[in-house]
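Encoded structure:
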């Protein structure tokens, strides 16, 4: 997928001015938060389960090579095929090859973020195969030729009227008198359209929430049932999964499943949680004849052993972005690549390079909410700080920032000079701003005053006030 | 080869070569014993309450439950449900001996076909392998007697479940499968497909608001056979 991450600042400014987006964000904000909070309050063990989830993932990552090989061996024992792919290019080629061998003309797809990362749809289309997204949110995104703006709710940025307009535009045989007053009307229209696609598809492609080493299973979690129709009806099922999805056992998997739906949608459990293991067995009367797992690295193995290894614990629940003030203000598209929000701000620089995605870890207030809701306790703010450090070390941050930081560092190492300079600054600003209350603009502080006023300092520096308070104790 | 490249990169990150044999054996032991982690207390309750918890959770997730005391009542219970929902008296049932053995002749107006699910199906009857009280979840492992399509294609899915097959937690359901199922291809217990189903299909993709009836069944109706005396006494 192409990235607009380098233009994050422009993207964000545009997003803040986009009335439709702001309306959608305003409506959606709060819904996920409240549902998650309720689900967590119904399960007193939730905090203890977060520690367990973190430990299961850490154990797996420490033995990732072993569990991947065990997983692959068990897939093959069950009559499936594993395609190991180092790069996105290899993975696209593997998928196309399977589709071609199956003589595929149309391919149905369950929701998969790794498919977005790899650009599977464009690749298939380029080679004459029609990919059909079947998750409701992904379906409309595909009609609009957009990308998902959220990892579990791809159409997070849309309002109901957008759905109606797009359906009327794309479904050209639609009766103009059809009403779409209710969300149910939209759902019914999508269900009817996609039924035909499910039945006609030659290959079904899903993602995987987990891979289970013990049994060689891929696991998908959905509410709509589209993923199950995708992997059950066509002759060939392809599960796309990145290497960090593997967990050792079914017991490990259900412990993580207890965290996933609660953190994501605030459900106790999703409607459909399905374990797929190999192809149709003898005497079975339904299910795919072929089962393939396309196992993708695409940059993840190089995170192992670095300060970003903990990011590989992520189970893609989206709690971090649902709780993020930055995501809540600008939405997902501003981030400019596949993964938005705090998890994206850490993962995107790892996968496409900090030189392209350096803005993302800087777009954080470090409020810490993301870490506090993460079901596997990923220290997201700490890792965003690591990226800022790397950006600085590699001289990628702008000259203004570097000189500013250098100047600050010089003073910070000389407390006397620091106090003198800040006293001088505060006094000067107090004098200049007398009777104003706040500055609308100020030399050297344009970055601040462009977006908001700067209050006029009152009552001396922090150190002066602190010293005074200590004297009066 | 990409497999080697990926494994080598992981090992480089972990600052080691392939795991030594003794450590591999230890991990193999963990896989073989598949230890359980913390199981929430909510499902660790006395037997009749476990069944009641299952029912409560199914209903919370917009499923419905009809309890019957005797298997002989099931055809009549189905006919009544279909009539009440204004559905045709025609169902596709799983080719499972327990379902095929029901006294269908007692309802001559009810058309019953044992087969996989078809796109035109309005109602199916699936055989429930286990129920999980923790979240009101059905475990439906695939087999020639339990086709997956019956869980997906019809507008209404009915599931026959014995109360004695209700367990507390997911882990207990896996243990039932481990004990009772044998897969001819792998020699293990895992069938091609295991579906955990919690209520009828739904979507929250339109303005993050839940709406029932997405691509899967719009209704989920469980026929629960009270085959445990304690459970029946509680009813």
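Residue numbers (my numbering), protein chains in the order written: chain X, 1245 to 1717; chain C, 931 to 1165. Using N, Cα and C, we set each Cβ at its ideal position, and we do this for glycine too. Quick caveat, the model's predicted, so the values are computed rather than measured.
Of the listed residues C:1034, C:995, C:977, C:1136, nearest to residue 1089 of chain C (C-alpha basis): Within the second chain, residue 1089 of chain C is the residue found at index 159, counting from 1. Relative to the Cα of residue 1089 of chain C, the nearest Cα in the group C:1034, C:995, C:977, C:1136 belongs to C:995.
Check whether the region 1300 to 1315 of chain X and the region 1329 to 1339 of chain X touch, using three or more Cβ-Cβ pairs below 8 Å as the test. Verdict: no, contact absent.
In this structure, how does DSSP classify residue 1092 of chain C when only helix, strand and coil are distinguished? Here residue 1092 of chain C is taken as the residue at index 162 of the second chain, counted from 1. In the structure shown, residue 1092 of chain C sits in a strand (DSSP, three-state: E or B).
Express the C-alpha separation of residue 1503 of chain X and residue 1265 of chain X in angstroms, rounding to a whole number. Against the first chain, residue 1265 of chain X aligns to sequence position 21. Against the first chain, residue 1503 of chain X aligns to sequence position 259. Here the alpha carbons of residue 1503 of chain X and residue 1265 of chain X stand approximately 30 Å from one another.
Along the chain, where does the alpha helix (DSSP H) containing residue 956 of chain C start, and where does it finish? Reading the second chain from its first residue, position 26 is the one you call residue 956 of chain C. Counting along the chain, the alpha helix (DSSP H) containing residue 956 of chain C begins and ends at 951 to 963.
Quick check: is the beta carbon of residue 992 of chain C nearer than 7 Å to any beta carbon in chain X? Indexing the second chain from 1 puts residue 992 of chain C at position 62. Closer than 7 Å: no.
When you compare only the Cα positions, how much space is there between residue 987 of chain C and residue 1043 of chain C? Stepping through the second chain from its first residue, residue 987 of chain C is reached at position 57. Stepping through the second chain from its first residue, residue 1043 of chain C is reached at position 113. Spanning the two alpha carbons is a distance of roughly 30 Å.
On a CA-only basis, which of X:1464, X:1329, X:1249, X:1676 is nearest residue 1561 of chain X? Give me that one, please. In the first chain, the residue the question calls residue 1561 of chain X occupies position 317. Closest option to residue 1561 of chain X, Cα to Cα, is X:1464.
In terms of residue numbering, what span does the beta strand (DSSP E) encompassing residue 993 of chain C cover? Here residue 993 of chain C is taken as the residue at index 63 of the second chain, counted from 1. Neither: residue 993 of chain C is in no beta strand (DSSP E) and is coded neither H nor E.
Beta-carbon neighbours of residue 1116 of chain C, restricted to chain X and to distances below 9 Å: What you label residue 1116 of chain C is simply residue 186 of the second chain in a count that begins at 1. Within 9 Å Cβ-Cβ: 1318, 1321, 1322, 1323, 1459, 1460, 1521, 1522.
Neighbourhood of residue 1670 of chain X by C-beta distance below 6 Å, restricted to the same chain and skipping five residues each side: Along the first chain, one-based indexing puts residue 1670 of chain X at 426. If we look at residue 1670 of chain X and ignore the five residues flanking it on each side, its Cβ neighbours are 1701, 1705.
Residue of X:1468, X:1471, X:1493 minimising C-alpha distance to residue 1318 of chain X: The residue given as residue 1318 of chain X occupies position 74 in the first chain. Residue X:1493 holds the alpha-carbon nearest to the alpha-carbon of residue 1318 of chain X among X:1468, X:1471, X:1493.
Can you tell me where the beta strand (DSSP E) with residue 1329 of chain X in it begins and where it stops? Here residue 1329 of chain X corresponds to residue number 85 of the first chain, with the count starting at 1. Counting along the chain, the beta strand (DSSP E) containing residue 1329 of chain X begins and ends at 1325 to 1329.
Do the region 1531 to 1546 of chain X and the region 1272 to 1281 of chain X meet, that is, are 3 or more Cβ pairs less than 8 Å apart? Not touching, per the Cβ criterion.
With respect to the alpha helix (DSSP H) encompassing residue 1659 of chain X, which residues constitute its N-terminal and C-terminal limits? Counted from its first residue, the first chain places residue 1659 of chain X at position 415. 1659 to 1676 is the extent of the alpha helix (DSSP H) around residue 1659 of chain X.
Which residue's Cα is closest to the Cα of residue 1095 of chain C: C:1152, C:1073, C:1074, C:1147? Counting from one through the second chain, the residue named residue 1095 of chain C turns up at place 165. The option with the nearest alpha carbon to residue 1095 of chain C is C:1152.
Taking 7 Å as the CB-CB cut-off, is residue 1428 of chain X touching chain C? What you label residue 1428 of chain X is simply residue 184 of the first chain in a count that begins at 1. Proximity of residue 1428 of chain X to chain C, defined by a Cβ-Cβ separation below 7 Å, is satisfied.
Does DSSP put residue 1411 of chain X in a helix, in a strand, or in coil? In the first chain, residue 1411 of chain X corresponds to position 167, counting from 1. DSSP, read as helix, strand or coil, puts residue 1411 of chain X in helix.
Mind checking if residue 1021 of chain C is an interface residue toward chain X, Cβ cutoff 7 Å exclusive? Taking the second chain and counting its residues from 1, the one referred to as residue 1021 of chain C is at position 91. Closer than 7 Å: no.
Can you list, in chain order, the residues of its chain whose CB lies under 7 Å from that of residue 1283 of chain X, leaving out five sequence neighbours each side? What you label residue 1283 of chain X is simply residue 39 of the first chain in a count that begins at 1. The residues are 1506, 1510, 1511, 1512.
Among the residues of its own chain, which have a CB less than 6 Å from the CB of residue 1448 of chain X, if the five just before and after it don't count? In the first chain, the residue the question calls residue 1448 of chain X occupies position 204. The residues are 1352, 1474, 1475, 1478, 1481.
Helix, strand or coil: how does DSSP classify residue 1553 of chain X here? Translated into positions along the first chain, residue 1553 of chain X becomes position 309. Three-state result, residue 1553 of chain X: helix.
Which residue from C:1104, C:1039, C:1122, C:1045 puts its Cα closest to that of residue 1068 of chain C? Position 138 of the second chain holds residue 1068 of chain C. Restricting attention to C:1104, C:1039, C:1122, C:1045, the CA atom closest to the CA of residue 1068 of chain C is found in C:1104.
Using the C-alpha atoms, what's the distance from residue 1027 of chain C back to residue 1248 of chain X? For the purposes of this step, residue 1248 of chain X is taken as residue 4 along the first chain, with counting starting at 1. For the purposes of this step, residue 1027 of chain C is taken as residue 97 along the second chain, with counting starting at 1. Residue 1248 of chain X and residue 1027 of chain C: Cα-Cα distance of roughly 58 Å.
Residue 1616 of chain X - containing alpha helix (DSSP H), residue span: Looking up residue 1616 of chain X in the first chain gives position 372. Note, residue 1616 of chain X: alpha helix (DSSP H), 1613 to 1617.
With a 10 Å radius around its C-beta and 16 neighbouring C-beta atoms as the bar for buried, classify residue 1459 of chain X as buried or exposed. Stepping through the first chain from its first residue, residue 1459 of chain X is reached at position 215. The residue is buried, with at least 16 neighbouring Cβ atoms inside 10 Å.
For residue 1379 of chain X and residue 1046 of chain C, what's the separation of their Cα atoms in angstroms? Mapped onto the first chain, residue 1379 of chain X falls at position 135. Mapped onto the second chain, residue 1046 of chain C falls at position 116. C-alpha separation (whole angstroms): 24 Å.
Using a Cβ-Cβ distance under 7 Å, would residue 1126 of chain C count as near chain X? Position 196 of the second chain, counted from the first residue, corresponds to residue 1126 of chain C. For residue 1126 of chain C, the answer is yes, since a Cβ of chain X falls inside 7 Å of its Cβ.
Taking the DSSP output, what are the residues bridged to residue 1069 of chain C? As a working note, residue 1069 of chain C is residue 139 in the second chain. Under DSSP, residue 1069 of chain C takes part in a beta bridge, and its partners are C:1060, C:1126.
Mind pulling the chain C residues with CB within less than 8 Å of residue 1546 of chain X? Here residue 1546 of chain X corresponds to residue number 302 of the first chain, with the count starting at 1. 939, 943, listed in chain order.
Below-7 Å beta-carbon distance, residue 1513 of chain X vs any chain C residue: Residue numbering aside, residue 1513 of chain X sits at position 269 when the first chain is read from its first letter. Cβ-Cβ to chain C under 7 Å: yes for residue 1513 of chain X.
Which residues in the same chain have their Cβ closer than 6 Å to the Cβ of residue 1483 of chain X, if we skip the five residues on either side of it in sequence? Counting from one through the first chain, the residue named residue 1483 of chain X turns up at place 239. Residues of the same chain with a CB within less than 6 Å of the CB of residue 1483 of chain X, apart from the 5 flanking positions on each side, are 1450, 1452, 1462, 1537 in chain order.
CA-to-CA distance, residue 1066 of chain C to residue 1165 of chain C, given in whole angstroms: Numbered from its first residue, the second chain carries residue 1165 of chain C at position 235. Numbered from its first residue, the second chain carries residue 1066 of chain C at position 136. Bear in mind that a pLDDT of 47 at residue 1165 of chain C, under 50, signals an unreliable position, so the model cannot answer this.
State the Cα-Cα distance for the pair residue 945 of chain C and residue 1548 of chain X, rounded to the nearest angstrom. Here residue 945 of chain C is taken as the residue at index 15 of the second chain, counted from 1. Here residue 1548 of chain X is taken as the residue at index 304 of the first chain, counted from 1. Taking C-alpha positions only, residue 945 of chain C is separated from residue 1548 of chain X by approximately 10 Å.
Give every residue of the same chain whose Cβ lies closer than 7 Å to the Cβ of residue 1019 of chain C, excluding the five residues on either side of it in the sequence, and list them in chain order. Position 89 of the second chain, counted from the start, is the residue given in the question as residue 1019 of chain C. Correct list, in chain order: 1009, 1012, 1039, 1040, 1041.
Mind listing the chain X neighbours of residue 1120 of chain C? Cutoff is C-beta to C-beta under 9 Å, in chain order. For the purposes of this step, residue 1120 of chain C is taken as the residue at position 190 of the second chain. Within chain X, the residues whose beta carbon sits less than 9 Å from that of residue 1120 of chain C are 1318, 1322, 1456, 1458, 1459, 1460, 1461, 1494, 1519, 1521, 1522, listed in sequence order.
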